[in-house]
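J.: Take this structure, written in structure tokens, and hold onto it; I'll ask about it next.
Residue numbers (my numbering), protein chains in the order written: chain A, 1 to 721; chain B, 1 to 160.
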């Protein structure tokens with residue numbers, strides 16, 4: 001299995017870990033449920049068929065054009081996809097691609113997304129997969145539809161289809177100066193056509209709508225408050241629900257008294273084992289009822305932040321972790337002959353996604369059928385959870401995902417959906433559940449913490465000859481080095497995490513790249529080379545080289561020299577088809593050791609750009625978000641309790657933390673478009689750590705780079721004479 | 001429960017609510033004005049920002065009883081006769097959002113700032129907006145939008 005496939009596996013593994021919480025399946029069972037073909041799919045399939053779904057629980061993507069696209073008699077086009085809009089702007093970028101291939105004005109496209117009744121099955125919106133997989137899928141659908149429309153016109157006119165042209169929502173016969181609008185051809189009927197996979201897609205060099213900075217669809221609704229997020233949904237007769245949370249993880253209920261809550265006007269208490277919820281006529285009373293419940297819990301002793309990384313290293317998930325994922329040459333031999341060796345440990349903390357909209361759902365039952373509006377990145381996954389929970393068939397559950405207040409990998413699961421459905425079933429009315437911030441910080445899941453150990457050896461001329469990388473718990477995404485190193489040993493060690501963990505924007509690429517790029521920087525300094533020159537010496541991949549050079553030029557690397565008050569650092573990397581290089585300038589107060597990021601230049605390349613404005617927004621957002629994990633975000637926990645479940649205690653990046661940011665986009669119209677929502681996040685942390693080192697000589701090997709966690713790692717630099 | 005009359009977006013609205021229920025909860029859950037968002041309930045994120053007598057206020061920290069006799073403006077009240085306010089238009093023009101969940105609070109904080117300070121410096125913008133979180137990280141565009149709004153606004157008469 002290649003390293004890229006490993007990171008695909010990680011998405012599945014994340015989902016499995018989450019699913020096991022709700023349906024009590026272990027990871028192996030889940031893989032079995034998905035089907036034995038899983039690994040076959042991941043090892044030798046193209047990007048397009050990776051989500052074609054043939055192996056995922058028997059889900060097959062429909063080949064009928066009509067399942068994906070409908071043209072009404074008035075020419076309006078509805079496009080159906082199970083992907084969801086969470087702020088990454090795919091509602092706009094996918095519509096651009098369809099408009100391009102179908103040859104219709106952009107405004108005639110409406111995207112119908114994330115509705116399990118209306119859209120084809122989809123695995124979920126994660127892993128930067130929308131642009132490389134759903135983009136080509138919908139382009140093929142649109143191209144097939146266009147071909148069909150041309151043929152329909154040819155038939156009506158009794159002419160050769162090759163003499164006709166399709167443009168601007170019309171098929172035209174140039175010889176006779178006549179045309180049909182698409183609506184006149186379809187009259188609102190379904191297009192009967194199968195996607196062949198052989199459709200000729202318009203190359204990016206000829207794009208007129210795709211590739212341009214089309215503004216966000218329905219952008220106006222977001223500045224007027226008109227857009228309805230999941231937590232804004234209201235149904236007639238709707239009640240408000242809330243769920244009693246245990247005092248800690250893995251707690252068991254010792255005693256319960258709900259009489260005071262039940263005495264409140266209009267309140268119903270719903271109990272099912274250790275699940276205790278309340279339903280009230282209004283949200284205020286629901287919360288009051290919850291706090292009126294007297295419950296005592298037994299919370300078992302559990303691990304804490306103290307000694308976490310040792311715990312993760314010593315708590316493998318299974319007895320046999322399967323050995324290294326990737327070996328080339330012999331690291332041992334290469335290390336023996338290296339001129340300089342360096343070995344270090346790096347750590348990353350658990351962090352929270354903290355989407356500004358917490359989990360929310362509105363559920364209603366009618367005629368044995370359950371409908372839930374909820375914020376999730378996996379509407380079909382949530383449908384599966386609801387089917388399991390309530391023993392329903394797929395036809396009995398509908399999940400609808402209104403464009404939500406984001407997720408960042410944190411909303412793969414359907415907790416609020418299940419809770420709202422449970423309460424709604426019990427009281428016979430529609431019920432809304434909106435998690436509090438504290439619930440979101442406590443009962444969601446976290447980006448995995450991890451320990452990374454790297455051992456490397458280089459030659460005097462700066463050639464890296466040996467690279468050994470071990471990741472404990474944080475994940476295998478982007479674990480392989482993008483540098484040309486002859487001798488490698490790369491291994492991910494799954495661990496038994498004391499906290500519930502799952503997906504996160506960029507997955508473990510942030511952790512692995514932080515460790516790798518910090519280590520590369522240290523090697524460069526040890527070798528007495530400029531960190532940028534050192535990297536270029538070891539990069540064979542021309543796309544990676546191109547972003548490094550683009551960042552170098554924009555930043556003016558080398559023109560300024562680091563001083564104790566000002567440091568310059570660089571880092572680069574590639575994951576999920578995106579290439580990134582980040583240069584950081586930090587300002588340091590030598591007396592207080594306070595650090596401030598002054599300026600970030602990030603060069604980005606992900607093939608042909610579908611929407612430069614949306615892309616720039618994503619890359620900039622990823623940079624800003626990464627400031628938190630780099631400098632101060634960290635979940636503190638002890639004995640099954642989260643110790644900082646509030647924004648006042650868990651610091652997120654704010655306006656005042658934001659440096660001057662310059663994003664350089666490289667548009668490779670000759671390459672397929674890759675996803676860009678995630679990988680922009682991986683460059684900042686190591687670039688900043690490297691800049692701090694350049695200024696102060698202090699190497700920070702922990703994320704976040706707060707002093708409390710520094711100085712615990714072992715570090716050895718050894719020169720051979 | 002008591003009856004309150006609230007002056008919301010220029011209309012007198014009658015609402016029954018407990019006196020200590022937050023204005024945020026009343027707006028969202030009783031008056032169905034869902035443009036005002038819940039983010040934390042603790043005054044830390046600014047998603048629930050509304051204008052009380054022109055001043056940006058965290059509606060999650062205000063009891064409904066103390067919002068009586070103030071002019072309340074929510075995001076739904078900024079558009080006039082189909083025309084966006086200067087701040088709304090500037091956010092749209094700059095594309096200063098991703099998921100958009102923080103946007104109503106951002107727009108109201110910016111509106112309040114520009115009401116007091118017609119041509120704020122970057123430092124003044126950062127200081128005035130720092131209580132509003134955008135997890136998507138669109139801060140640079142929001143700063144640009146506030147600057148653009150300052151240019152769009154008439155020198156006088158920026159009443160909201």
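Virtual Cβ for every residue (Gly too), placed ideally from N, Cα, C. Small disclaimer: the values here were computed from a predicted structure and weren't measured.
Compare the C-beta of residue 166 of chain B against all C-beta atoms of chain A and say whether one is closer than 8 Å.
T.: An answer regarding residue 166 of chain B cannot be provided, because it is not within the stretch 1 to 160 covered by chain B.
J.: In chain order, what are the residue ranges of uninterrupted alpha helix (DSSP H) at least 4 long that sit wholly in the stretch 103-181 of chain A?
T.: Whole alpha helix (DSSP H) segments, 4+ residues: 135-157.
J.: With residue 449 of chain A and residue 349 of chain A assumed to form a contact (beta carbons below 8 Å), what rounded beta-carbon distance in angstroms separates them?
T.: Correct: roughly 5 Å between the Cβ atoms.
J.: Taking just the CA atoms, how far does residue 548 of chain A sit from residue 532 of chain A?
T.: Rounded to whole angstroms, residue 532 of chain A to residue 548 of chain A spans 8 Å at the Cα level.
J.: Which runs of the beta strand (DSSP E), 3 residues or longer, sit entirely within the stretch 576-639 of chain A?
T.: Correct list: 578-589, 594-605.
J.: When the distance is taken between beta carbons, is residue 444 of chain A closer than 8 Å to residue 465 of chain A?
T.: Contact: no.
J.: At a Cβ threshold of 8 Å, is residue 11 of chain B touching chain A?
T.: Answer no: the Cβ-Cβ gap between residue 11 of chain B and chain A never drops below 8 Å.
J.: I need the DSSP call for residue 35 of chain B, collapsed to helix, strand or coil.
T.: If DSSP states are grouped into helix, strand and coil, residue 35 of chain B belongs with coil.
J.: Which partner residues does residue 80 of chain A have in the DSSP bridge list?
T.: A:112, per the DSSP bridge assignment.
J.: For residue 756 of chain A and residue 368 of chain A, what's the separation of their Cα atoms in angstroms?
T.: The question about residue 756 of chain A has no answer, for chain A in this structure spans 1 to 721.
J.: So which residues of chain A does residue 3 of chain B contact, with C-beta pairs closer than 9 Å?
T.: Ordered by position in chain A, no residue passes the 9 Å Cβ test against residue 3 of chain B, which lies about 15 Å from the chain.
J.: Consult DSSP for residue 136 of chain B and reduce its assignment to one of helix, strand or coil.
T.: Of the three classes helix, strand and coil, the one that applies to residue 136 of chain B here is coil, per DSSP.
J.: From residue 541 of chain A to residue 483 of chain A, what distance separates their C-alpha atoms?
T.: Approximately 8 Å between the Cα atoms of the pair.
J.: Between which residues of its own chain and residue 69 of chain B is the CB-CB distance below 7 Å, once the five residues before and five after are set aside?
T.: Excluding residues within five positions, none has a Cβ falling inside 7 Å.
J.: For the stretch 203-225 of chain A, list every residue whose C-beta sits within 7 Å of some C-beta in chain B, in sequence order.
T.: Going along the stretch 203-225 of chain A in chain order, one finds 215, 216, 219, 220, 222, 223, 224, 225 with a Cβ nearer than 7 Å to chain B.
J.: Measuring CB atoms only, is the stretch 64-83 of chain B touching the stretch 27-40 of chain B, in the sense that at least three cross pairs come out at less than 8 Å?
T.: As far as the Cβ criterion goes, the stretch 64-83 of chain B touches the stretch 27-40 of chain B, which means the pair count is three or higher.
J.: Which of the three DSSP states, helix, strand or coil, is assigned to residue 703 of chain A?
T.: Strand.
J.: How would you write the range of the alpha helix (DSSP H) that residue 76 of chain B sits in, first residue to last?
T.: Segment: none, residue 76 of chain B is in no alpha helix (DSSP H) and carries neither H nor E.
J.: Check the DSSP bridge columns for residue 22 of chain B and list the partner residues they point to.
T.: According to DSSP, which records beta bridges pairwise, residue 22 of chain B is partnered with B:63.
J.: Would you kindly work out how many angstroms separate the C-alpha atoms of residue 41 of chain A and residue 629 of chain A, rounded to a whole number?
T.: Unreliable positioning characterises residue 41 of chain A in this predicted model, as indicated by a pLDDT of 26, which lies under 50. A coordinate reading is not provided.
J.: Would you verify that the beta carbon of residue 74 of chain B is, or is not, closer than 8 Å to some beta carbon of chain A?
T.: Closer than 8 Å: yes.
J.: Residue 65 of chain A and residue 195 of chain A: beta carbons closer than 8 Å?
T.: Against a cut-off of 8 Å, the Cβ pair of residue 195 of chain A and residue 65 of chain A comes out as a contact.
J.: Does the beta carbon of residue 84 of chain B sit closer than 8 Å to a beta carbon anywhere in chain A?
T.: Yes, its Cβ sits closer than 8 Å to a Cβ of chain A.
J.: Spatial neighbours of residue 71 of chain A within its chain, please: CB distance less than 6 Å, with the 5 preceding and 5 following residues excluded, ordered by chain position.
T.: Cβ within range, chain order: 77, 182, 186.
J.: Out of A:471, A:151, A:343, which has the shortest C-alpha to C-alpha gap to residue 526 of chain A?
T.: Considering only alpha carbons, the answer is A:343.
J.: Starting from the Cα of residue 24 of chain B, find the closest Cα among B:129, B:141, B:104 and give me that residue.
T.: For residue 24 of chain B, the nearest C-alpha among the options comes from B:104.
J.: Taking CB distances under 8 Å as the criterion, tell me whether residue 124 of chain B reaches chain A.
T.: Output row for residue 124 of chain B: interface = no.
J.: For residue 363 of chain A, which beta-bridge partners are listed by DSSP?
T.: DSSP output for residue 363 of chain A lists A:372, A:431 as bridge partner(s).
J.: For residue 256 of chain A, collect the residues of the same chain with a Cβ closer than 6 Å to its Cβ; drop the 5 residues on either side in sequence, then sort them by chain order.
T.: These residues qualify, in order along the chain: 295.
J.: Can a CB atom of chain B be found closer than 8 Å to the CB of residue 36 of chain A?
T.: Bear in mind that a pLDDT of 26 at residue 36 of chain A, under 50, signals an unreliable position, so the number given afterwards is only what the model happens to contain. Not an interface residue.
J.: Evaluate contact between the stretch 229-246 of chain A and the stretch 354-362 of chain A, counting only Cβ atoms and requiring at least three cross-stretch pairs below 8 Å.
T.: Contact between the stretch 229-246 of chain A and the stretch 354-362 of chain A is present, because at least three Cβ pairs lie under 8 Å.
J.: Starting from residue 397 of chain A, trace the beta strand (DSSP E) both ways and give me its first and last residue.
T.: Element bounds for residue 397 of chain A: 397-400.
J.: For residue 308 of chain A, which residues in the same chain have their Cβ closer than 7 Å to its Cβ, ignoring the five residues on either side in sequence?
T.: Answer for residue 308 of chain A: 449, listed in chain order.
J.: When you compare only the Cα positions, how much space is there between residue 398 of chain A and residue 281 of chain A?
T.: Whole-angstrom Cα-Cα distance: 25 Å.
J.: For residue 92 of chain B, decide whether its Cβ has a neighbour in chain A, counting only Cβ atoms nearer than 8 Å.
T.: Residue 92 of chain B counts as touching chain A.
J.: How about the stretch 84-100 of chain A and the stretch 108-117 of chain A: do they share at least three Cβ pairs that are nearer than 8 Å?
T.: Output reads yes: the stretch 108-117 of chain A touches the stretch 84-100 of chain A.
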